Structures are given as C-alpha cells and as structure tokens.
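Protein chains in written order, with the working numbering: chain A, 10 to 278; chain B, 10 to 278.
Report on the following structure.
2 protein chains.
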Amino acid sequence: MTVSASSPVGIFDSGIGGLTVVKAIQSLLPSERIIYFGDTARVPYGSKSQVTIRKYAQDDTAILMKYQPKMIIVACNTVSALALDVVKQVGNGVPVLGVLEAGAALAVQHSRNNRIGVIGTRATIASNAYSLAIGLIEPAVEVFSSPCPLFVPLAEEGYIDHPASRMIAREYLEGLLEQGVDTLVLGCTHYPILRNLIEETVGPDIAIIDSAEAIALKAKEVLVENNLLNDSASSVFPHLLVSDLPQKFKALCELFLGRDIPDVELVDV
Amino acid sequence: MTVSASSPVGIFDSGIGGLTVVKAIQSLLPSERIIYFGDTARVPYGSKSQVTIRKYAQDDTAILMKYQPKMIIVACNTVSALALDVVKQVGNGVPVLGVLEAGAALAVQHSRNNRIGVIGTRATIASNAYSLAIGLIEPAVEVFSSPCPLFVPLAEEGYIDHPASRMIAREYLEGLLEQGVDTLVLGCTHYPILRNLIEETVGPDIAIIDSAEAIALKAKEVLVENNLLNDSASSVFPHLLVSDLPQKFKALCELFLGRDIPDVELVDV
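Put into structure tokens, the structure is as follows:
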C-alpha cells in the first residue's frame, strides 16, 4: 500500500467522543483529509472487558484501513490503554498514535510538583496505562487516578452545566484534590465536553490536560518527520462513518465540533 | 422440537436489568428452570437504532433457542417495543412474552382516572409502543411518557439513594406529575433498582407498575394454559449467560437478585 501526503488521516473512537480529536486536528492541521469512524452500535467500550475491547479495536482499524490512511489515531483512551498493539498489527506499518501516550507526555511537561491526576473510564483507570506511560517518561512523577463512569452519559445527555453533574464531579474529584495534584489529565475523549464544569470543580491552580489537543500536536510532529504533511491550501470536511444512528450523531456533532457537518455514512461492524 | 414442562424458560435482556424479571419469575414460579442471556458486550440497546436493535434481538433469541425453551420472555423493554416480531420469528412457534405488553395490561387494571405515565429509554418512548399497547386494551386511557436516559447508568453505578439521582428524577418526572397520572409504568428493567427513589419523587398516591412482576404473572398464566407448568418440588439456580464481563455480572447479581449466584457463562455474539 502506498500512502502520500494527500492520503487521509484515519481516526476512530468507540462513539462520538473522538470528535474532540477531529476538532483539534482540524484546528491545527486544516488541510488534512480526515476519515473518522465512531462505533456507535457498540458504544461504550470503557465498561467492557479487555477481550471484547481488543476485538472491537481490530474491527475499527480494519474499517479505516479500507481508506488507505497515512496515519491512524486512536481517539479512544480505552483502546489506547488496552489494545494499541492490536491496532498496530492490523495497521500493518501505518504509524499509529494513541491519545493516551500524547496526554501522558503533555501532562509530564506541565507538572511542576510531579503529582499528576488522571480521570477516565473504569477500563482505562483499571488498566493503569496512564501510570505506566507517565512512569516511562518521568519515573519521579506520582500518578493519582479516579474512574468517572457517569461523565460519559452526562456529557452525551448534555448535562454540561447541571447541578447534578457538579455534585457528581465533586465526589469523583475530591480524592485527587486531597492528593495535591497540580495537573489533571482528561483521560477520556468525552470529558472535554465537561471541561468547564471540571475546571470549576478543581479550581484555577490545576492545569487541565486535554488529550485531544495533545494528540494533534503529536500528529503534526509525526507527519512532518515522515514528510507526509498535507500542505495544500484547501480545507475539507471530515468524512464521518458510524456503525449506528447517523442522524443522532449528526445532531451531536455541533456540540463536539462547534459547527454543522455534512452527511454521516453508516457502516456495518 | 418437543418441549415439556421440564424444559427451561428462556429470558433475555440487553444486559443485567432483566435479572429483575428472573427474580420475579423465581419468586412466583420457584420450580421453573430459567436460562438467562444478558448481552453485556453490546449493552445498552435503548440509545441505538431500530435496525441495530432488531439485529441484536435476532442473535439473542438464537442463543436461547439452543436450550430448547418452552417459552421466551423478552425482559428488555426496548426489544419488546421494537423487535417482538423478530423474536417470534426466530422462536419458531415457542410462546413469546414481552415485558411491555404485560406492563401495559397491569397498568390499565390499576388506573382509576385513566391517566397513565410511562418512563423508559429513548428508543422505547420514541417507539410509542406503550401508548399503542395500552390503547388496544383500553382506548379511553391517556398515556403520558418521558424518556429517562440517565436512570440506566445511575442504577448500574449504584446511585440508588443519591441526591444527584433525586435531582435528575425530579426533572424527568415533574411533567408526568403535572399531567395528573395516577399510575406510573417502569418501562425499563433497570428502573426497579431505583424504585424507592422514584416512589419518593412521585409520592404515595401514584401506583408504580413494575413490568417484571407483571410478566411473571403473565408467564404463569400462559404456562398453565399450555399445560407446561413445572410442578416438581425442587427449585434450581438460574443458568446465566452473558456476552461480556461475567465477573462484573456476578458481582451485580446480588444487587438485582438479592442473593449470590453460581457461575456465569460467557458466550460469543
């Protein structure tokens, strides 16, 4: 398979959350063609087992590979934590970036006191993958983590500025605050939707790391290194694929991308 | 295929919620052998499309049919609303009962003022299936409904007596209270977990209809009619199958069944 600078960047996620990555990539690299797959028929992944998550990751990568991408970005933290090797195997030599590594690296850069907090799905937190990734970069850092399983449904239901969400956020985050972290990684692509609420809860002294922004920076770096940056002047709409409910996806797109989008295509998994 | 009184009763749901039906059947019909399948790899169904729900219903029924059941109970309101015909087709003559019809019938019996409220997933409420089922039984009844999408994650996370759940419940239910309903159908098998909270929110004057109890009564009636009631004196543990996370399922069983259970078997979908 030959790829060139005009080949698309493939991105996948368990559902709609990865659109925060699409938005960050488009903002940093507006000329890149993006092909996005959201597995809305089997969402969520974060509450499921490693075996199931690995099987789904294989399917998702195979769908993107049909479009001969020059790079695959795993926008799903859960897949990044538990199945990045599966994606690389199916990707067959195409560079694969996971949000998790990008977020971990940016968090280490930001922390002054070497105490980093990580929030994510149960599967991501239980995998301990952020601790491991951060420890590889800077062994002196202590990582404190907390699963926030209700943040995904609250974000998808649009409870982004609701007293019930505020109450739940306080409970999820108070343990991390007690540990004196100075940096907090949003280890799930849904969580940027709740960013204001999370910022209010943790206060102004804690730096929030949005792994969507982190991975956009990393993607640019890798494309430049491989001489694959698309430097045409035109910007294009992302090509969006989902495994279920394209209409609902289209409706939610505005919340995530901050603008309307053209058609969403339905694919079978 | 020949079935007899000693054949099992097959029950399926999108996940763990249908265990409320298992509990109700066991309590009313303790001698019946139960085979239960929970599609925990693809849960939830209620936020997905009709096409996807119908495909999943077909798979779920096929799994139960391997055990030659004498009856199939669709514990999932979403499947009852959108795919009962698919279950009947794959069931190939085996009597099929859906929770929805049973709940609708019991609600009509209870209502004095002919104003019935129904709560359920987005898919169930959007299908209008409860209104249709109630209208067939008693055209004079007015049905008022409200989707409560956060109740499933709140129940699964054990937020059964939490101020955030209370706040969300008030918002979901206040429209139905304003309509003066005297009966409220819990149109999702997860909701009985939140029954106390819902009862507190709506007050003592509204009768709560738990479709799990309703379908147990209906199942007994149909088994007696067909001369298939198991009248042996022994009681047996239900045989539990899931498509993912058998350990988590086992742990949640206590919450749903009120007791510990033996092994849970993993099947592929």
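Think of the CB as a built atom: it goes at the ideal place given N, C-alpha and C, for glycine as much as any other residue.
Values in this document were obtained by computation on a predicted structure and should not be read as measured data.
- The shortest CA-to-CA distance from B/PRO247 to any of B/LYS259, B/ARG175, B/LEU163 is the one to B/LYS259.
- Between B/ILE169 and B/ILE143 the beta-carbon gap is near 28 Å, outside 8 Å, which marks them as no contact.
- Listed in chain order, the non-local C-beta contacts of B/ASP269 below 8 Å within the same chain comprise CYS262, GLU263, local neighbours out to five positions each way being set aside.
- Taking C-beta separations shorter than 7 Å and ignoring five residues to either side along the sequence, the partners of B/VAL273 in its chain run LEU249, VAL251, PRO255, PHE258, LYS259, following chain order.
- Going by C-alpha positions, B/GLU230 is about 16 Å away from B/SER13.
- Between B/ALA90 and B/ARG63, the C-beta gap is not smaller than 8 Å, which leaves the two residues out of contact.
- In the DSSP assignment, A/GLY112 falls within the unbroken alpha helix (DSSP H) covering 108–119.
- Secondary structure within the segment 144–232 of chain A: the alpha helix (DSSP H) runs of 4 or more consecutive residues, fully enclosed, are 160–165, 172–187, 204–211 (chain order).
- Contact of A/PRO172 with chain B by beta-carbon distance below 9 Å involves ALA173, MET176.
- In this structure, the straight-line span from the alpha carbon of B/GLN67 to that of B/GLU234 is close to 27 Å.
- For B/ASP68, none of the residues of chain A pass the 7 Å Cβ criterion, the least Cβ distance being about 12 Å.
- Taking a beta-carbon distance threshold of 8 Å, B/GLU166 counts as an interface residue toward chain A.
- An exposed status is given to A/ILE146, since fewer than 16 other beta-carbon atoms sit within 10 Å of its beta-carbon.
- Per DSSP, the unbroken beta strand (DSSP E) holding A/ASP22 starts and ends at 18–22.
- For A/SER56, the CB contacts under 8 Å within the same chain, skipping 5 residues up- and downstream, are THR130, ARG131, ALA132, PRO158 in chain order.
- A Cβ-Cβ separation of about 18 Å leaves A/SER220 out of contact with A/TYR181 under the 8 Å criterion.
- Counting of Cβ neighbours within 10 angstroms places B/ALA228 among the buried residues, the total reaching 16 or more.
- Here A/ALA173 has no same chain residue with a Cβ atom under 6 Å from its own Cβ, once five neighbours each way along the sequence are excluded.
- Exclusion of the five residues before and after B/PRO201 leaves THR29, LEU195, ASP219, ALA221 as the residues of its chain whose Cβ lies within less than 7 Å of its Cβ.
- Counting along the chain, the unbroken alpha helix (DSSP H) around B/ARG63 starts and ends at 59–74.
- It is roughly 19 Å from the alpha-carbon of A/LYS79 to the alpha-carbon of A/GLU110.
- In chain order, GLN67, THR70, ALA71, MET74 place their CB closer than 7 Å to the CB of B/VAL99, counting only its own chain and leaving out the 5 sequence neighbours on each side.
- When C-alpha distances from A/GLY24 are compared across A/CYS85, A/SER40, A/PRO17, A/SER16, the shortest belongs to A/CYS85.
- Straight-line measurement puts the Cα of A/ALA216 at about 32 Å from the Cα of A/ASP240.
- Under the Cβ distance rule, A/ASP253 counts among the residues neighbouring chain B, one pair being separated by less than 8 Å.
- Taking the C-beta atoms as reference points, A/LEU185 is found nearer than 8 Å to A/PHE153.
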